[in-house]
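Number of protein chains: 2
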Amino acid sequence: MTRLSARRAERRSAAGSGGVPAQAPWRALRNFYRPIEVLSADHVEFIHEASLDVLERLGMDFWSGDALDRLARAGLVVDRANQHVRFDRHWVMAQVAKAPAEFAIQARNPARSIVLGGDHVNFSGVGGPPNCSDLDGGRRPGTFKDFCDLVRLEQSLNALHLVGGQPVASIDLAAETRHLDVYRAFITLSDKIWSPSALGRERIDDGIDMMCLAAGLDRDALARTPMLLSNINTNSPLRVDGAMLDGAVAMVEAGQPLIVTPFTLAGAMSPVSLAGALTQQNAEALAVIAYLQLVKPGAPVIYGGFTSNVDMKSGAPAFGTPEYARATLAGGQMARRYKLPYRSSNTNAANMVDAQAAYESEMSIWAAVMGHANLIYHATGWLEGGLVASFEKMVLDAEMLQMMAEFLRPIVVDKDSVAIDAMEEVGPGGHFFGAAHTMARYETAFYQPLVSDWRNFQSWQEAGSRSATDRAHTISKALLKAYEPPPLDPARLEALDAFVARRKGEIARAA
Amino acid sequence: MTRLSARRAERRSAAGSGGVPAQAPWRALRNFYRPIEVLSADHVEFIHEASLDVLERLGMDFWSGDALDRLARAGLVVDRANQHVRFDRHWVMAQVAKAPAEFAIQARNPARSIVLGGDHVNFSGVGGPPNCSDLDGGRRPGTFKDFCDLVRLEQSLNALHLVGGQPVASIDLAAETRHLDVYRAFITLSDKIWSPSALGRERIDDGIDMMCLAAGLDRDALARTPMLLSNINTNSPLRVDGAMLDGAVAMVEAGQPLIVTPFTLAGAMSPVSLAGALTQQNAEALAVIAYLQLVKPGAPVIYGGFTSNVDMKSGAPAFGTPEYARATLAGGQMARRYKLPYRSSNTNAANMVDAQAAYESEMSIWAAVMGHANLIYHATGWLEGGLVASFEKMVLDAEMLQMMAEFLRPIVVDKDSVAIDAMEEVGPGGHFFGAAHTMARYETAFYQPLVSDWRNFQSWQEAGSRSATDRAHTISKALLKAYEPPPLDPARLEALDAFVARRKGEIARAA
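Structure follows, in structure tokens:
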């Protein structure tokens, strides 16, 4: 036991330096479990056929003259007056079949590169909230300082494979040029993969240019080794707006991967029945993916699922519900039906970082991981159905993700691990603390938590009776304090700054 | 929208009467999902063979003269001086094969009867904590009043199929006769299935006699239609004490189902490697089950799994960990290997009802349900690794269980539910709130929460910014206020009271 105590002490001091807790390292994840299937094979085909019926019989609005031109040239029935398209089912399937089942995205730091598709699992930070919150500052509209701090936290949390979209809006920056400041912050504060905003072509083009400068690549080279990822949502039901389509086309033309995510809240933007919401999700995703394959055959795309429901009492969106979990599993089945990588999300509708935030998130995470999502968006920090990025939730989510990552390790079963000799050594009624088998393995045997406190009540109470949210707050502060920016070649930074200055000038002159 | 608003108002008032929230009804659950498998078929066999090796080579302590006699007569190698038995693997397997794969337990209220085995899922309340806590009274040693309130709450929560074991100790009652008061309270306060304590023969015999009086049955009739359930733990590693064995035998002889649950905390009472802990769990469960089949061939028994790990930093037990989740799935695979019903638990090691309590519980619940546990013990109220029964956690768990129950509903996929006509009615860019398809279905379309608050931030803030734990507290109070005891024939109650009085006298005289 003395040897054990000594090692424990060593470990505590290593883990506790500067109050920054030990984290599991950044690690590429594979999912060896069979996916959970909520739909029978017959039901998958039923939804598949129904969604093709929707595209053939009802069609979709595509609010882009460019898109309507291309689709008309491809022989589809286009109603220009109503910006409406009907899709032949065989054409849709032939187009979707051109998309790759699996592809890689390079990070600026090659050790943070990812693969999407197959049994790969990747966690991406929250994107899109207008507000942020922490226990010190409360709930507030996001500023550029908050944005930068959240990106620093995302860079610091090993559980997060990529940064993803903007963790919070920066309302203190000029709207027209905000994306330039934000992209520069992504590139300088993190070496993980980030996402330019697909709201129009200009924002994507700027993002691609800046990534080229940061990586020292030209556009052709970037197209060969994609380094960005973006997402568009449909304007459900059965519509896609022009800005989204233009942004998507700009990504795909530049060879960068794009996620297509219908936003199908059952009872509001899609039918109240889950099968109906899934049919509509599938129709919308297939139509846009088919179109992008027309723009660039073989373009790397991801099937996004975001089917949840509204609370029929209040009309408020509900997340992390049983409906959400089942729709998430079903979405994975549909994506696999088309051999497309699958994106889901870690969602909740809680107004504070409490037990509800945790159980709704767990419902989402389990369904996403066991539905074989390859990319789990909003994996850290999402609160209030996406209206808030929470610093504490970000750390709490990192704990839940780390736990899921550990859950994805197979159990080692062999002569050594079944440990009959250890049982013989210890004997009936003994304990294994000091056994040779234990001593040789205990340091790496078990998951080490980031937030969870497993001390007994008295020790926990003496330490201040702090909740998991309180502890997450302290950890977020410690991580920010210990944060160091990843290295970036000064010449590239200079080029980046020159680009930002030039583009700001151009945008000012155009305004 | 007017029709919808009117119905919403109706529903709100129905749900809100007396502050008691609407709950989903008590409902027998079946699990249509394929179980998640963490072990390959080869690894299941490897652990199976290794555990039979343990029983043959190392054997187990059985601290009961009666058990040693029976096992010696059955031809096993018995070392009486050390109260130790070695088990022939073929004998073990022949015995285990006698146990039924599925059986029913009748509740006093036939509508609360359950089936264990196959794809049935049942949730049972917390059993065993010495302490309880709520936001008003804080953490305290349990009293009989707390015990009764917790049983009332368990009776009131529809998510709970059975009450199970004692939700908290009653330290204000005399230890020798406490079980009599407690059993009387179970019978009068609840019509769900409860568990007598298997700590010795006397406590089981009293429980069986009292259940006979409550149901108006004799012991033979009770043996034909079992109405009780109890649990024993082994004294891991590789030991079972005399009181547990005697209690188990008393249950089995009376035809009542018994759970056998090794308590194999990896690194403490079992090897530090998960495969070793599972091998030991399996060996201990099989040995005791084989013995009980010797006592009464065909006795209904349940394979219990309770493999978690200790925190190697502090030695404290950890629950709801990735190790726990994987061990839970593996335990289900082992139980199915022997065609035995499977018991797991809803666990956590949190010291308060916070996000940690919720995410550790969700890890447990998902693993238990997707590992096809037929009985999930400690499903409501468990806190601090089982040292505390929490009133708020009980309500919060009921929410998580209700959500899981809803998750266990298949998605209806047919012409009506894929709702192409509704999409046609609404059209691109419209909304489904007032659609005919929505109006016909919205009242029952979605899960209705017990604790979750989905209002927007402003409404939630105006209502007091209350956490899920605060809301669970209010709900627990409202449920206790609205509680009414289930009917019991006055003649049976009289007989029960006479029995308790007589037994108290006998026990006092014997002391």
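Read top to bottom, the protein sequences are chains W and G.
Residue 65 in this note's numbering is what sits at position 65 of the first sequence, and the numbering runs on without skipping anything.
Offset between the second sequence (1-based) and this note's numbering: plus 511.
Where is the CB? At the ideal position from N, CA and C, for every residue including glycine.
The structure presented is a predicted model; accordingly, all values stated were derived computationally and were not measured.
Interface partners of residue 280 (chain W) on chain G, CB under 7 angstroms: Stepping through the first sequence from its first residue, residue 280 (chain W) is reached at position 280. Neighbours of residue 280 (chain W) on chain G, chain order: 934.
According to DSSP, is residue 261 (chain W) helix, strand or coil? In the first sequence, residue 261 (chain W) corresponds to position 261, counting from 1. Note: residue 261 (chain W) maps to strand in three-state DSSP.
According to DSSP, simplified to helix, strand and coil, what is residue 282 (chain W)? Reading the first sequence from its first residue, position 282 is the one you call residue 282 (chain W). Helix.
Kindly indicate if chain W contains any beta-carbon less than 9 angstroms away from that of residue 667 (chain G). One-based indexing of the second sequence puts residue 667 (chain G) at position 156. Chain W, which has no Cβ nearer than 9 angstroms to the Cβ of residue 667 (chain G), makes this no.
Are the beta-carbon atoms of residue 497 (chain W) and residue 184 (chain W) separated by less than 9 angstroms? Residue mapping note: residue 497 (chain W) aligns to position 497 of the first sequence, counting from 1. Residue mapping note: residue 184 (chain W) aligns to position 184 of the first sequence, counting from 1. It is a contact, given that the beta carbons lie within the stated cut-off.
Within chain W, partners of residue 498 (chain G) - CB distance below 7 angstroms: Beyond the ends of chain G as shown, which are 512 and 1022, falls residue 498 (chain G); an answer cannot be given.
First and last residue of the beta strand (DSSP E) that includes residue 652 (chain G)? The residue you call residue 652 (chain G) lines up with position 141 of the second sequence. From DSSP, the beta strand (DSSP E) with residue 652 (chain G) extends over 649-652.
For a minimum of 4 consecutive residues, which ranges assigned as the alpha helix (DSSP H) are wholly contained in the region 192-263 of chain W? 201-215, 219-224 and 242-253
Top-ranked residue by Cα proximity to residue 911 (chain G), from G:683, G:840 and G:980: Translated into the one-based positions of the second sequence, residue 911 (chain G) becomes position 400. Checking every option, the nearest Cα to that of residue 911 (chain G) belongs to G:980.
So residue 311 (chain W) contacts chain G; which residues on that side make the cut at Cβ distance below 8 angstroms? Position 311 of the first sequence holds residue 311 (chain W). Simply 957 and 965.
Determine, using beta carbons only, whether residue 783 (chain G) comes closer than 9 angstroms to chain W. Working through the second sequence from its first residue, we reach residue 783 (chain G) at position 272. Chain W contact via Cβ: present.
Cβ pair count under 8 angstroms reaching 3, the region 915-931 of chain G against the region 322-329 of chain W: yes
In the DSSP output, which residue or residues are listed as bridge partners for residue 79 (chain W)? Looking up residue 79 (chain W) in the first sequence gives position 79. Looking at the DSSP assignment, residue 79 (chain W) forms a beta bridge with W:84.
Can you grab the Cα-Cα spacing for the pair residue 590 (chain G) / residue 567 (chain G), in whole Å? Position 79 of the second sequence, counted from the first residue, corresponds to residue 590 (chain G). Position 56 of the second sequence, counted from the first residue, corresponds to residue 567 (chain G). Roughly 13 angstroms separates the two Cα atoms.
Going straight from the alpha carbon of residue 852 (chain G) to that of residue 701 (chain G), what length do you get? Stepping through the second sequence from its first residue, residue 852 (chain G) is reached at position 341. Stepping through the second sequence from its first residue, residue 701 (chain G) is reached at position 190. Taking the straight line from one Cα to the other gives about 25 angstroms.
Can you list, in chain order, the residues of its chain with a C-beta nearer than 6 angstroms to that of residue 994 (chain G)? Leave out the 5 residues immediately preceding and following it. Here residue 994 (chain G) refers to the residue found at position 483 when the second sequence is read from its first residue. Excluding residues within five positions, the ones whose Cβ falls inside 6 angstroms are 663 and 667.
Is residue 485 (chain W) buried or exposed, if buried means 16 or more other CB atoms sit within 10 Å of its CB? Within the first sequence, numbered from 1, the residue matching residue 485 (chain W) stands at position 485. By the neighbour-count rule (16 or more Cβ atoms within 10 Å), residue 485 (chain W) is not buried but exposed.
Nearest candidate by alpha-carbon position, reference residue 848 (chain G), set G:883, G:642 and G:761: Along the second sequence, one-based indexing puts residue 848 (chain G) at 337. When only C-alpha atoms are compared, the closest one is G:883.
Counting only beta-carbon separations shorter than 9 angstroms, does residue 122 (chain W) have a partner in chain G? As a working note, residue 122 (chain W) is residue 122 in the first sequence. It does not; no Cβ of chain G falls within 9 angstroms.
Only counting the same chain, and skipping five residues up and downstream in sequence, which positions put a Cβ closer than 8 angstroms to that of residue 764 (chain G)? Here residue 764 (chain G) refers to the residue found at position 253 of the second sequence. Once the five neighbours on either side are set aside, the close Cβ partners of residue 764 (chain G) are 806 and 807.
Tell me which residues share the same chain as residue 641 (chain G) and place their Cβ nearer than 7 angstroms to its Cβ, disregarding the 5 neighbours each side in the sequence. As a position in the second sequence, residue 641 (chain G) is number 130, starting the count at 1. Result list for residue 641 (chain G): 652, 653, 680 and 898, in chain order.
Under 7 angstroms Cβ-Cβ, which residues of chain G neighbour residue 261 (chain W)? On the first sequence, position 261 is the one that residue 261 (chain W) refers to. Neighbours of residue 261 (chain W) on chain G: none; closest Cβ ~17 angstroms, over 7 angstroms.
At which residues does the alpha helix (DSSP H) containing residue 182 (chain W) begin and terminate? By one-based count along the first sequence, residue 182 (chain W) stands at place 182. Looking at the DSSP string, the run of the alpha helix (DSSP H) that includes residue 182 (chain W) is 178-189.
How about residue 949 (chain G): is its C-beta nearer than 9 angstroms to some C-beta of chain W? Translated into the one-based positions of the second sequence, residue 949 (chain G) becomes position 438. Yes, contact with chain W.
C-alpha gap between residue 923 (chain G) and residue 279 (chain W), whole angstroms: Within the second sequence, numbered from 1, the residue matching residue 923 (chain G) stands at position 412. Within the first sequence, numbered from 1, the residue matching residue 279 (chain W) stands at position 279. So the two alpha carbons sit approximately 12 angstroms from each other.
Determine the burial state of residue 313 (chain W): buried for a count of at least 16 other Cβ atoms within 10 Å of its Cβ, exposed for fewer. Along the first sequence, one-based indexing puts residue 313 (chain W) at 313. The residue in question, residue 313 (chain W), is buried, as its Cβ has 16 or more Cβ neighbours within 10 Å.
Looking only at C-alpha atoms, which of G:892, G:574, G:864 and G:602 sits nearest to residue 592 (chain G)? Taking the first residue of the second sequence as position 1, residue 592 (chain G) is located at position 81. Nearest of G:892, G:574, G:864 and G:602 to residue 592 (chain G), Cα basis: G:574.
Mind checking who residue 390 (chain W) pairs with in its DSSP beta bridge? Locating residue 390 (chain W) in the first sequence gives position 390, where the first residue counts as 1. DSSP output for residue 390 (chain W) lists W:133 as bridge partner(s).
Going along chain W in order, which residues have a C-beta closer than 7 angstroms to the C-beta of residue 564 (chain G)? In the second sequence, counting from the first residue as 1, residue 564 (chain G) sits at position 53. Correct list: 420.
Hey, out of W:220, W:167, W:225 and W:244, whose CA is closest to residue 201 (chain W)'s CA? Reading the first sequence from its first residue, position 201 is the one you call residue 201 (chain W). Ranking the options by Cα distance to residue 201 (chain W), first place goes to W:244.
Between the CA atoms of residue 230 (chain W) and residue 984 (chain G) - distance to the nearest angstrom: Position 473 of the second sequence, counting from 1, holds the residue named residue 984 (chain G). Position 230 of the first sequence, counting from 1, holds the residue named residue 230 (chain W). So the alpha carbons of these two residues sit roughly 43 angstroms apart.
Interface residues of the region 847-862 of chain G facing chain W [CB-CB below 8 angstroms]: 860, 861 and 862
On the CB-based measure, 16 or more other CB atoms within 10 Å of its CB, does residue 101 (chain W) come out buried or exposed? Indexing the first sequence from 1 puts residue 101 (chain W) at position 101. Its Cβ having fewer than 16 others within 10 Å, residue 101 (chain W) is exposed.
Are the region 933-941 of chain G and the region 1012-1020 of chain G touching by the rule of at least three beta carbon pairs closer than 8 angstroms? no
Against chain W, with Cβ distances strictly below 9 angstroms, would residue 868 (chain G) count as a contact? As a position in the second sequence, residue 868 (chain G) is number 357, starting the count at 1. So, interface residue.
Compute the Euclidean distance between the alpha carbons of residue 181 (chain W) and residue 500 (chain W), then round it to the nearest angstrom. Taking the first sequence and counting its residues from 1, one reaches residue 181 (chain W) at position 181. Taking the first sequence and counting its residues from 1, one reaches residue 500 (chain W) at position 500. Taking the straight line joining both Cα atoms gives about 8 angstroms.
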